[in-house]
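In what follows, a single structure is set out as structure tokens and then discussed.
Structure representation (structure tokens):
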């Protein structure tokens with residue numbers, strides 16, 4: 001799970017190719033910087049990824065949030 005301190009700390013989002021990272025799927029996108037992890041998760045969940053890509057977020061503490069964990073974090077930020 002994400003550390004509480006990361007929620008308000010800067011985060012980076014990058015779209016990476018789906019599937020094996022052998023270079024055949026193309027290169028990752030430019031990094032998009034956000035003032036907080038909350039903003040990065042909101043962006044990832046409300047904007048469509050480019051075709052053949054998925055969002056990966058890197059937190060200020062160095063954790064990498066893969067798409068499989070984005071929904072869980074998004075739900076926790078939405079509240080009951």
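In full-length UniProt numbering, the protein residues as written are 1 to 80. C-beta: ideal position from N, C-alpha, C; glycine also.
Spatially closest choice to residue i from the options, by CA coordinates
{"i": "residue 36", "options": "48, 2 and 54", "result": "2"}
{"i": "residue 77", "options": "42, 32 and 10", "result": "42"}
{"i": "residue 9", "options": "40, 72 and 18", "result": "40"}
{"i": "residue 49", "options": "6, 62 and 18", "result": "18"}
{"i": "residue 15", "options": "54, 46, 38 and 44", "result": "54"}
Buried or exposed by the 16-neighbour rule on C-beta atoms within 10 Å, applied to residue i
{"i": "residue 57", "result": "buried"}
{"i": "residue 59", "result": "buried"}
Local conformation of residue i per DSSP, three classes
{"i": "residue 3", "result": "coil"}
{"i": "residue 73", "result": "helix"}
{"i": "residue 48", "result": "coil"}
Cα-Cα separation between residue i and residue j, rounded to whole angstroms
{"i": "residue 13", "j": "residue 75", "result": "18 Å"}
{"i": "residue 133", "j": "residue 5", "result": "Because the chain here runs from 1 to 80, residue 133 falls outside it and cannot be looked at."}
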